[in-house]
Structure formats: structure tokens, C-alpha cells
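A short worksheet on the structure shown next.
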Amino acid sequence: MPHTRTALRRTVCALAAVLASLIGFLPPAVAEAALPEIVTTTSGAVRGNAPDNSGVASYKGIPYAAPPVGLLRWRPPQPTTTWTGVRDATEPGHTCFGIATPSTPLSGMSEDCLTLNVWAPTGDVRPKAVMVWLHGGGFQFGSGSEPLYDGSRLASHGVVVVTLNYRLGAFGFLARHDLDAESGPSGDLGLQDQIAALRWVKSNIGAFGGDPDRVTVFGESAGAHAVGMLMASPSTSGLFHRAIAQSGAFWDSVYGSIDTHAMAMERGDALSATLFAPNLAALRAVPASVVNAATTHPDSGAFQPSIDGSVLPDAPARLFAEGRQQHVPLLAGYMAEEDYPVFDGNTLPHIPPPVFDASAAQVFGPAGMDAFKQRYPSGTISRTNTSAKQLAGDMMITEQTWELLCLHQRTSGQPVYGYKFTYTSPYSPHAGHTADLPFVFGNLDSQPSTPLSPQPSDTDRAFSDTVMGYWTAFARTGNPSTMGLPAWSRYQGPGSRLQELAGTPTSVADPDAYRLQFLASFRKDGRFPDTWRAYF
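Numbering-wise, the sequence shown is residues -6 to 529 according to our numbering.
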């Protein structure tokens, strides 16, 4: 191994010398040009923040669509108006209305929220691959401007990073007949916002040093579901060229199938009754804070994407199965403990074995119970609860992410790469849902901590560099394999190989196909039965 490292070091040094000599022959303006603080977009000039210590400049709070207020509430995103002079772009914009969290408090929310942020490396004018981030939060909360999603460290790997806000909850996913009559199929305005942001990127990212022909859309949880839905949408052709889905795929799982348009309409009618607003004019007259309060309390039904017949002409899984999705290279995967922290050590489900088996029998039927018990055994309380947690993670996230890999590999003709994230450390003791985010963005110091909290180690930071290396290599070339990191094999279908993202990434035989293929077999016409909602 020492001889291998020495040889590799000599090779890298030799390549660096060649590159340095080539750069020496470039005109100074090409070799050393820096991105200006003032950049001109199609709507006007913006002034961002000067490059940080890693040579990354940032531009924040740039509007990509007109504020959806007044008569524009619940309408598709409209072009932003132009401005004269130079617009300040040193601070992020407002968070879209939704459920308040410590990182997205109610005080920072507004309907005027359709903005994005750009992080761009300086010092090299060659067009760079672009990575557009879609945040998670169940389409109910979150923002592209949360500290966790600061793009400076990821951009320092030689890519342009874009994060954005999109309308959430009732503001983003209300469906009504009068909205259909006014602006076409309603119910997926939040997805339309994302598409509008991608159109902005196509028209403007070149001014920030990005390559509009190498755009990767990536997201986690609801953001990954959005990635899958954008891939399934005919409205996104040519807007992105690669996709990364982290813990999500279709917003359509065994846990609850994606809404039909009729179901979304019923939820819209219920909101009208709650707000005593029988028509669209009355609904638009209700203060945004009142709409938000009425739709974010625990007893309100969650507004979410639906099959509107336009943005989503059919169930996404069915569109993928028929090969009607965008045919782009895909990298997708899931966490080893997707059930965590939903069912952590303090909130175990504690399901008695007979109750667990009876509930499963209602869902999978007598004919499926033998196969079910082989995959999710009960018997003792401990074994039953382990199976219940595994089933919860599989049903909510893992199955559909795995199915995304399988369907896209089968029908797209494009390279597909899968992973299972298993890395743990004292800093990150569980490979649970969202645990990958600090490593993907390199923001290991962004998490709330106390003096007694384990701090990120050099090993954690090295692993984060590995993850960012894979992600940015995929954004540049459509292949995550890159010099200095273990090779990543293509995914070839159920039972083939995934990359295990551990301290030392390793290619492994598809470890969960036995369980997940069983769950996937119950999907019909692209959807799981709505009756399953009653049991889970």
C-alpha cells in the first residue's frame, strides 16, 4: 500500500505540473479572472458578497419570479419585473409560509419568497457544472437559505451551487375548480416554482460562471421526491441534465399514495369551509398568516403534490415504468436507518406482536403474510419493534427510492448509480433520515450543539470531502467515480451492486432487494392502494 500511495502521489504531482504549465500559457484574464461582485441577470444587476477564504462568491435573495401576492396568490409563477440600478444580493430572502421551525421562524416568513441563492467559485472563467438544491420538509416547511444548505464548501469543489425557496403547504399545493378555470390545472404550484427557478438558471447561470448545459437537480426527503416528480414531468425537458435523489423518489409510498386531483380538490374545499371563504376572491382576501395558521396545526390535512394532469400527467412511478420520464443520468440512495429519528430509542412503537401481525394482514392479505413474516419477523416484543421500525423506514422512504433506481435503470437507457449511506461516528451516531446533509454540504459545524456534544472529527471532515467529491464528480460528468476515491459501479437492477457510503466506501451486493422487491410488488398502475392509509 505505501508503494501504491507513493506512485499515486507522483502521478498527481506530474498531472499538477502539466496543468500548471498549461495555465501558464493561458492569457492572464483567463487564468486569473475573478467573478465580479456585480453580476447582470436578465432582470437587472445584483451585488453579492466578495469571495470567502475558499474563493467562493455568493449572491443571495435573487428573485426568480414575481412575488405571488394579491391576485397572484395561487397562480403559476410569473416573470419577475426588471429593476434599474444594482440590487443588493448579500442577504437571503424571506422563507415561504409553512410550519415554523427553529431555523425557519414565523417572523421570517412572507408570501414574497420566490428567491434563490448562488455560490460560485472565482478565479477561473471556464464554465462550471451547476447543482440546484431542492430542500426537504415534507412540502410543509423549510427553506433553501437554512445554514445547513450554505453552498460555499460544496462550491469550493469547483461547481456553482444554487438553493431556492418554493411555495409550501396550502400556498403551494391548493387545488380548486375555480383555480383550474383561471390558470389551468391547480395543485402543484410548488413544483411549478421549482421549474421556474430552473428556467431562471438556464437563462442566467452563465453570468455566474455556470454551464447551463450541465445542470444537476438534487434534493433530500421532500426535495428528493421533488427531483423524482420533476424527472417525471414533461414540463422540465432540457432544464436539467443529471439528477440526485437522497432519501425519496415519487412522494408515493406504501405509507400513503400520492393524491389524485380529486383528492386534492376535496382538501381545497375543506380549507374554504374552514376559512368561511366560499370562492377564490374570498380566499385571496384572507391574510396569509391566517391561511398559514389554519393549515399548519396538527389536525389540518397536509397539502401536498397531486396528479394534476399537467405537471404530473400520471403517477410518477407509472411514468417511470413506461419510460416517460426525463432520460438523464441518476444517482439515488437511502440511509441505513430511515426510520430514525421518527422512532428513536425514546419513542419506540412498542407494538405487541399480535397487533403488528393483524395490521400487516389487513394490508398484505393472507396470501402475502408468509412472505411478510420472512422479511419482517415478529414473535417477541423486541423483534417485533425492530421489524416495525424497519418497515416504517422502508414504507416511508427506502422502498420508493430503491424502486426509482430500478425503474430508471430499466427504462431510461442512462447511467444509474445507487448507494446506501451507513456512515456513523460519535458526531453522527445514526445513519438516519437527514444525517447525510451536513456531509453533502460540508457544513458539519452548522448543527445546534452543546459543550458536551461530540464535535466533528478529522475523520468526519474527510468523509464529508469524499461525499462532496462523489456528488460534484457526478455533476460534472454524470459519473460519481473520480480520481482518489473508490470506484463506483453502475446499478444494474435488483440484486446488483450499490455503493455503501461508509468510512471507506465499498461496492456491495444490493443488500435490501429481498425486502423492497416484496413491497414494490403491491404497486398497481403506479400507485399503492389508498386503503393502506388506514393502517399506517
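Virtual Cβ for every residue (Gly too), placed ideally from N, Cα, C. Quick caveat, the model's predicted, so the values are computed rather than measured.
Check: Going by CA-CA distance only, name the one from THR267, SER240, TRP464, ARG235 that's closest to GLY151.; Outcome: TRP464
Check: Are the CB atoms of ILE188 and GLN133 within a distance shorter than 8 Å?; Outcome: no
Check: Are the region 439 to 455 and the region 463 to 479 touching, with three or more C-beta to C-beta distances below 8 Å?; Outcome: no
Check: Could you pull out every residue in the same chain whose Cβ sits closer than 6 Å to the Cβ of PRO522, ignoring the five residues on either side in sequence?; Outcome: none
Check: Have a look at the DSSP bridge pairing and note the partners of TRP126.; Outcome: THR156, PHE211
Check: Return the bridge partner residues of ILE198 from the DSSP annotation.; Outcome: DSSP, once it has assigned bridges, lists no residue as partnering ILE198.
Check: Less than 8 Å separating the beta-carbons of TYR369 and ALA495?; Outcome: no
Check: Tell me the DSSP secondary structure of PRO408 in three-state form.; Outcome: coil
Check: Quick check on the burial criterion: 16 or more other C-beta atoms within 10 angstroms. Buried or exposed for PRO479?; Outcome: exposed
Check: Please return the same chain residues whose Cβ sits closer than 7 Å to the Cβ of ASP206, not counting the five positions on each side in sequence.; Outcome: HIS234
Check: With distances taken Cα to Cα, identify the nearest neighbour of GLY221 among ILE251, ALA381, PRO419, TYR57.; Outcome: ILE251
Check: Our contact map puts LEU398 next to PHE313 with C-beta atoms below 8 Å; I'd like the distance itself, whole angstroms only.; Outcome: Going by Cβ atoms, the distance from LEU398 to PHE313 rounds to 10 Å, so no, they are not a contact pair.
Check: Would you report the Cα separation of ILE390 and PHE243, rounded to the nearest angstrom?; Outcome: 10 Å
Check: Within the chosen definition, does the region 341 to 352 reach the region 481 to 494 through at least 3 CB pairs nearer than 8 Å?; Outcome: no
Check: Can you check DSSP and say which residues form a bridge with GLN492?; Outcome: TYR412, SER500
Check: Excluding five sequence neighbours on each side, which residues of the same chain lie with their C-beta closer than 6 Å to the C-beta of GLY316?; Outcome: THR404
Check: If you draw a straight line from the C-alpha of PRO431 to the C-alpha of PRO334, how long is it?; Outcome: 16 Å
Check: Return the CA-CA distance between VAL125 and VAL155, expressed in angstroms with no decimal places.; Outcome: 5 Å
Check: Once DSSP output is grouped into helix, strand and coil, what is the label at GLU330?; Outcome: strand
Check: Between HIS128 and LEU157, what straight-line distance do the alpha-carbon atoms span, to the nearest angstrom?; Outcome: 8 Å
Check: Give every residue of the same chain whose Cβ lies closer than 7 Å to the Cβ of PRO419, excluding the five residues on either side of it in the sequence, and list them in chain order.; Outcome: PRO447
Check: Would you tell me roughly how many angstroms separate the C-alpha atoms of ALA43 and GLU84, rounded to the nearest one?; Outcome: 13 Å
Check: Below 7 Å, is the gap between the Cβ of LEU494 and the nearest heavy atom of the ligand NAD?; Outcome: No copy of the ligand NAD appears in this structure; indeed no ligand is present at all.
Check: Three-state secondary structure (DSSP) at LEU323?; Outcome: strand
Check: Which term fits VAL283, buried or exposed, when burial requires 16 or more other beta carbons within 10 angstroms of its beta carbon?; Outcome: exposed
Check: Per DSSP, what kind of secondary structure is GLY78 in: helix, strand or coil?; Outcome: coil
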